[in-house]
Each structure stands twice: as structure tokens, then as C-alpha cells.
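Asker:
Numbering (UniProt numbering), first residue to last: 1 to 212.
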């Protein structure tokens, strides 16, 4: 998978999460699964919290010659939505962007074949999640760093197609093994498929599918 061109101005960095090691690890994990994803021929792909749009754009670039796939990116941050659209256009792929708080405006219906989520995962106080500075929402995860992502977990089985795949990025402080058990209770099976240690953080990519 090619890494998309992302053009962020200094003023953009005040409100939009800059692509970092977590973004690149998620792209690497998708690249490792790329042949499987091509064979699956996904029809609907979704990224929750797209930020700069680098991940959903990389995915759209990799899949565009192999399937007719609709790509949707959502983010609570209007500036992130604009940058995601700009990133897609810069890399010649078509992605729809919608501003919303997590999955609040996504109807259930098991329509997405691929869902990707790099959530706010940093352990903070719960108050920091509602900080007025919009950039806080990109990383502040509250208690155990799971306060935000746990709002999404119960909805995944209801938006994911029966053969779909959900990719989630977390850190060690989020307790990946606990998250795997949570999804077992949601009738989904998960595993750790990639990890990387960076600057005092241990990143993990978890992959989930429905139990048939």
C-alpha cells in the first residue's frame, strides 16, 4: 500500500491530528491483509475518526483497481472532515466525508464490509474528553483510555456485514486482552495481528470478525 500524500499547514495542526506511528501501523496491518481484502471485494468501507484521512485514503488507493467500493470517513471535527476530503482528492480517490460524533448518525443494518477505527486511546481524566479544544477529542480517552472507544464497541456487530472485518488500534494501557473478551460477549472473535513499541507506548492492532 502506498502512503498517501497528506498536506497539513501549520494552522491545520492546531485542530487536526497529524499522521503518526499509530496511523502508519494501521496502514501496515491493512497492507498485510491486503490480498485477503482484495479477494473479499468489499462494497462498503468505513473509517471512524478519520483525522487527516491518511488511513481511509490509503485503503481506497489500494482497492480502487480491484473492486467497486464505497468509502465513507466520519469525524466529529469539521476541520478533520475538510482535511480528509482534501487528502482523498490529492491522491485521486473518491471518499465521502460526514461530520458526526462517532456512529451517532450511522443506521444499523450490517452494511459495512470493512470498518477501521484509530480511537482516542490516551489515558486521561474523563473531563479531558469534553475539553473545548477540539484536538483533545483526537486523543483523550478517559478512564483506561477506553471511555470513547467503548461507546462504539456495542454498535460494531450491528453495522458490520456478516463477513466483514473490524480493525481497531489500541495501546497496552487500554488492556487489549480485556477488549478481546468484550467482543467475545458481542459474538465476535478477535486477535492481535500487529504491534509496535514507540516512545513509551506499545501499540496494537486488533482484528475482529463475527462468529459464524
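Positions of the beta carbon are idealized from the N, C-alpha and C atoms, including for glycine.
#1: Based on the DSSP output, what are the partners of residue 45 in its beta bridges?
#2: Note down the Cα distance separating residue 111 from residue 160, rounded to an integer number of angstroms.
#3: Tell me, to the nearest whole angstrom, how far the beta carbon of residue 74 is from that of residue 50; I am working on the premise that it is less than 8 Å.
#4: In whole angstroms, what separates the C-alpha of residue 131 from that of residue 44?
#5: Should residue 97 go down as buried or exposed, given a rule of 16 or more other Cβ atoms within 10 Å for buried?
#6: Can you round the beta-carbon distance between residue 155 and residue 126 to whole angstroms, since I take them to be within the 8 Å contact cut?
#7: Residues bridged to residue 147 by DSSP?
#8: Write down the C-beta distance between residue 180 and residue 190 rounded to the nearest angstrom, noting that I regard them as a contact closer than 8 Å.
#9: So is residue 57 buried or exposed if we call it buried at 16+ other beta carbons inside 10 Å?
#10: Per the contact definition of three or more C-beta pairs closer than 8 Å, is the region 12-25 in contact with the region 194-201?
#11: Using C-beta distances below 6 Å, list every residue in its chain close to residue 41, excluding the 5 sequence neighbours before and after it, in chain order.
#12: Go ahead and label residue 100 buried or exposed: buried means 16 or more other beta carbons lie within 10 angstroms of its beta carbon, across all protein chains shown.
#13: Taking only three categories from DSSP, how would you classify residue 167?
#14: Residue 137 and residue 93 - do their beta-carbons sit closer together than 8 Å?
#15: Hey, quick one: how far does the alpha helix (DSSP H) through residue 55 stretch, first residue to last?
#16: Just the Cα atoms here: how many angstroms apart are residue 164 and residue 113?
#17: Within the same chain, show all residues whose beta-carbon is closer than 7 Å to that of residue 182, passing over the 5 residues directly before and after it, in chain order.
#18: So does residue 103 have its beta carbon nearer than 7 Å to some heavy atom of the ligand FMN?
#19: Using three-state DSSP, classify residue 202 as helix, strand or coil.
Answerer: Per the coordinate set shown:
#1: As a working note, residue 45 is residue 45 in the chain shown. In the DSSP output, where bridge partners are listed per residue, residue 45 has 71, 114.
#2: Working through the chain shown from its first residue, we reach residue 111 at position 111. Working through the chain shown from its first residue, we reach residue 160 at position 160. Approximately 6 Å between the Cα atoms of the pair.
#3: On the chain shown, residue 74 is found 74 positions in, with the first residue counted as 1. On the chain shown, residue 50 is found 50 positions in, with the first residue counted as 1. Contact between residue 74 and residue 50 holds, since their C-beta atoms are separated by about 7 Å, short of 8 Å.
#4: Along the chain shown, read from residue 1 onward, the residue named residue 131 stands at position 131. Along the chain shown, read from residue 1 onward, the residue named residue 44 stands at position 44. If you draw a straight line from the Cα of residue 131 to the Cα of residue 44, it comes to about 33 Å.
#5: Within the chain shown, the letter at position 97 stands for residue 97. Burial call: buried.
#6: Your numbering for residue 155 matches position 155 in the chain shown. Your numbering for residue 126 matches position 126 in the chain shown. Wrong, their Cβ atoms sit about 20 Å apart, outside the cutoff.
#7: Numbered from 1 along the chain shown, position 147 holds the residue referred to as residue 147. Residue pairing of residue 147 in beta bridges, as defined by DSSP: absent, with no partner found.
#8: In the chain shown, the residue the question calls residue 180 occupies position 180. In the chain shown, the residue the question calls residue 190 occupies position 190. About 5 Å separates the two Cβ atoms, so the contact holds.
#9: Here residue 57 is taken as the residue at index 57 of the chain shown, counted from 1. Answer is buried; the Cβ neighbour count reaches 16.
#10: Between the region 194-201 and the region 12-25, the count of Cβ pairs shorter than 8 Å is three or higher; the stretches touch.
#11: Here residue 41 corresponds to residue number 41 of the chain shown, with the count starting at 1. For residue 41, where only same-chain residues beyond five positions count, the Cβ hits under 6 Å are 67.
#12: Against the chain shown, residue 100 aligns to sequence position 100. By the neighbour-count rule (16 or more Cβ atoms within 10 Å), residue 100 is not buried but exposed.
#13: For the purposes of this step, residue 167 is taken as residue 167 along the chain shown, with counting starting at 1. The three-state reading of DSSP puts residue 167 in strand, counting E and B together.
#14: Here residue 93 refers to the residue found at position 93 of the chain shown. Here residue 137 refers to the residue found at position 137 of the chain shown. Contact: no.
#15: Along the chain shown, read from residue 1 onward, the residue named residue 55 stands at position 55. Start and end: 54-63.
#16: The residue labelled residue 164 in the question sits at position 164 within the chain shown. The residue labelled residue 113 in the question sits at position 113 within the chain shown. Cα to Cα, the separation comes out at about 4 Å.
#17: For the purposes of this step, residue 182 is taken as the residue at position 182 of the chain shown. Closer than 7 Å at Cβ, skipping near neighbours: 153.
#18: Absent from the structure shown: the ligand FMN. Ligands present: none.
#19: Sequence index remark: in the chain shown, residue 202 carries index 202 (1-based). Secondary structure of residue 202 (DSSP, three-state): strand.
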